[in-house]
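For reference, the structure is listed below as structure tokens.
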Amino acid sequence: MNHEDALRPLERRVLRLVRDGVGEAEIARRFRRRPDTIRRVIALADVPRSSSATRDDVLRPLERRVLRWRDDGARPTEIAPRFKRGAAFIEQVERLAHYKLARS
Numbered sequence: 003m004n005h006e007d008a009l010r011p012l013e014r015r016v017l018r019l020v021r022d023g024v025g026e027a028e029i030a031r032r033f034r035r036r037p038d039t040i041r042r043v044i045a046l047a048d049v050p051r052s053s054s055a056t057r058d059d060v061l062r063p064l065e066r067r068v069l070r071w072r073d074d075g076a077r078p079t080e081i082a083p084r085f086k087r088g089a090a091f092i093e094q095v096e097r098l099a100h101y102k103l104a105r106s
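Structure below.
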């Protein structure tokens, strides 16, 4: 995986425009952002990111949280109000999370 693959789409587009010689003010105008924001995007794009895949990478934050609470003994009926959902939704999220973990 090269450095470009680890970048977010916005970072890739901003860096491509910088390489093409477009100024920060013009990039900011095109993306409807402040020039400070574009400077930050450029600076943070150089910060190394961990590219190692972990078990949690396959799960969304919601799925990780539901599994953690279920492991701690919480019932779906206790978790559901925290997400303004029903217990059936929480059970579905849990099943999908286990399925994802089994496939990874």
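Numbering of the sequence shown is given in my numbering, commencing with residue 3 and proceeding in unit increments. Quick reminder that beta carbons are idealized off the backbone N, C-alpha and C, glycines included.
- Shown here, V24 sits in coil according to DSSP, grouped into three states, outside any helix or strand.
- Taking a cut-off of 8 Å on C-beta distances, the stretch 41-48 does not touch the stretch 84-96, as fewer than three cross pairs fall below it.
- Looking only at L61, D59, I40, the smallest Cα-Cα distance to L19 is reached by I40.
- Taking 8 Å as the cut-off, the beta carbon of V95 is found closer than this to the beta carbon of V68.
- Going by beta carbons, E6 and R14 fall inside the 8 Å limit.
- Under the DSSP assignment, P78 falls in the alpha helix (DSSP H) whose first and last residues are 78-81.
- Of the candidates R31, H100, P37, the residue whose Cα lies closest to the Cα of E65 is H100.
- Taking 8 Å as the cut-off, the beta carbon of P11 is found no closer than this to the beta carbon of E26.
- Annotation: P50 to D73 spans about 33 Å, alpha carbon to alpha carbon.
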